[in-house]
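With numbering that gives the first Met the number 0 as the guide, the letters of the sequence shown map in order to residues 0 to 255.
Idealized CB from N, CA, C, for every residue including glycine.
Bear in mind the structure is a predicted one, so any value in this text is a computation, not a measurement.
Down below is the structure, laid out as structure tokens.
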Amino acid sequence: MERTPNNMDAPVIQIEDLVKEYKGSDGTIIRAVNNISMSVAAGEIVGLLGANGAGKTTTLRIIATLLRPTSGRAEVCGHDSITDPVGVRQSLGYVSATTGVPDRLTARELLTSFGRLHGLKEDAIKDRLEWLITTLSLRDYIDRPAGRLSSGQRQRISLGRALVHNPPALVLDEPTNALDVVGSRDLLHTLDHLRESGHAILLSTHRLHEIEHRCDRFVIINTGHIVAVGTRDELVGNSGELEDAFFHAIDGEAHA
Ligand code: ATP
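This is the structure in structure tokens:
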């Protein structure tokens, strides 16, 4: 459903009955995503959790229009990933641990060119750059070629690239992977601010302790399908940690 000023409760990110099958090298079919439905509202951070190979990256890449689903639907701000991929990309920022930052470009050059690609005017790009420099603490190295930056600094530039057009939705695939504890904390604080300003954020991570008290809801998947959904309190109950609930969800599934 398209989000309009009269309809601000509609989900920003929505997937329905999503299925993705890959063909293995021996011709067998691998069902990486098996009937997943979920949504993320404005001002909400949802954590997508699962063991290696559970189907997280595949799901996030479908939302970001980088992969076509076998069946089902993915929408961002009412734009369908298959029939309106440009609408999706205008409404979405996507960052993965492997999002590239060209070595020869400075962050300023990269972010400026992405601003232009998104159709922003030069004045708007300048304002946006200033916001990104402050929000992501890029000032010390904004004019240094990316090839001379640490992986954490490059990761921040990737986030800047995803945010340059101020999209209402953010999809982040293991965003703190390359970051040290300080870098992770800063990035997660940035996500808190983005949530407060109404962004809808869907992120995957294996670092449960980092997001345990940060996400509004969690979706736990195993071998391509959802095994648990809820707030931290709903999943964990009165005692224990998110990790316990995670193991419970995927072990229960294994023994079912
Ligand atoms: P991780 O935590 O290791 O990043 P993930 O949850 O992101 O894992 P996916 O990368 O989505 O998992 O992979 C889901 C399943 O699909 C895995 O079994 C994987 O081997 C398989 N898969 C992923 N990409 C392909 C591909 N291009 N061709 C065939 N199979 C694939």
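Does the beta-carbon of residue i have 16 or more other beta-carbons within 10 angstroms, so that it is buried, or is it exposed?
| i | result |
| --- | --- |
| S164 | Strictly speaking, residue 164 in this sequence is His, with Ser absent from that position. When all chains shown are included, H164 counts as buried. |
| S203 | buried |
| G92 | buried |
| T57 | buried |
| S122 | The residue asked about is misnamed: residue 122 is Asp in this sequence, not Ser. With fewer than 16 other Cβ atoms within 10 Å, it is exposed. |
| G114 | buried |
| D179 | exposed |
| D172 | buried |
| N237 | exposed |
| I29 | exposed |
| G251 | exposed |
| F245 | buried |
| V226 | buried |
| S24 | exposed |
| G159 | buried |
| L109 | buried |
| L193 | buried |
| L190 | buried |
| L116 | exposed |
According to DSSP, simplified to helix, strand and coil, what is residue i?
| i | result |
| --- | --- |
| V87 | helix |
| E15 | strand |
| D172 | strand |
| T105 | strand |
| E74 | strand |
| R257 | As shown, the chain starts at 0 and ends at 255. That puts residue 257 outside it, with no answer to give. |
| L128 | helix |
| N5 | A caution first: N5 carries a pLDDT of 49, below 50, which makes its placement in the model too unreliable to give a value. |
| A41 | coil |
| G251 | helix |
| K120 | coil |
| R60 | helix |
| H198 | coil |
| E20 | strand |
| R143 | coil |
| D79 | strand |
Would the beta-carbon of residue i be found less than 8 angstroms away from any heavy atom of the ligand NAP?
| i | result |
| --- | --- |
| H205 | Among the ligands present in this structure, namely the ligand ATP, the ligand NAP is not found. |
Going by the beta-carbon positions, is the gap between residue i and residue j smaller than 9 angstroms?
| i | j | result |
| --- | --- | --- |
| I35 | I210 | no |
| R104 | P144 | A quick correction: the sequence has Leu, not Arg, at residue 104. Cβ atoms of L104 and P144: closer than 9 angstroms. |
| L135 | D185 | yes |
| G223 | N33 | yes |
| I219 | A199 | no |
| T230 | R213 | no |
| A9 | G77 | yes |
| L59 | V100 | no |
| I12 | I62 | yes |
| V39 | L201 | yes |
| V87 | A73 | yes |
| L207 | E240 | yes |
Got a sec: is the Cβ-Cβ distance from residue i to anything in chain D below 9 angstroms?
| i | result |
| --- | --- |
| P174 | No chain D is part of this structure, which consists of one protein chain only. |
Have a look at the options and flag the residue whose alpha-carbon is nearest the alpha-carbon of residue i.
| i | options | result |
| --- | --- | --- |
| E242 | G23, Y21, G49 | G49 |
| T111 | L131, T98, T97 | L131 |
| S80 | K125, L17, L47 | L17 |
| R155 | P174, A168, L169 | P174 |
| V85 | L128, T64, S70, V181 | T64 |
| L137 | V39, A106, L116 | A106 |
| E195 | I14, G23, G42 | G42 |
| G151 | G182, H192, L109, S95 | G182 |
| S157 | R206, V228, V94 | V94 |
| T98 | T27, R153, T82, V235 | R153 |
Residue i and residue j look like a contact to me (Cβ under 8 angstroms); what is the Cβ gap, rounded to whole Å?
| i | j | result |
| --- | --- | --- |
| G54 | A31 | 5 angstroms |
| A177 | L169 | Between L169 and A177 the Cβ distance is about 17 angstroms, and since that is not below 8 angstroms, they are no contact. |
| K22 | P68 | So it is not a contact: roughly 15 angstroms between Cβ atoms. |
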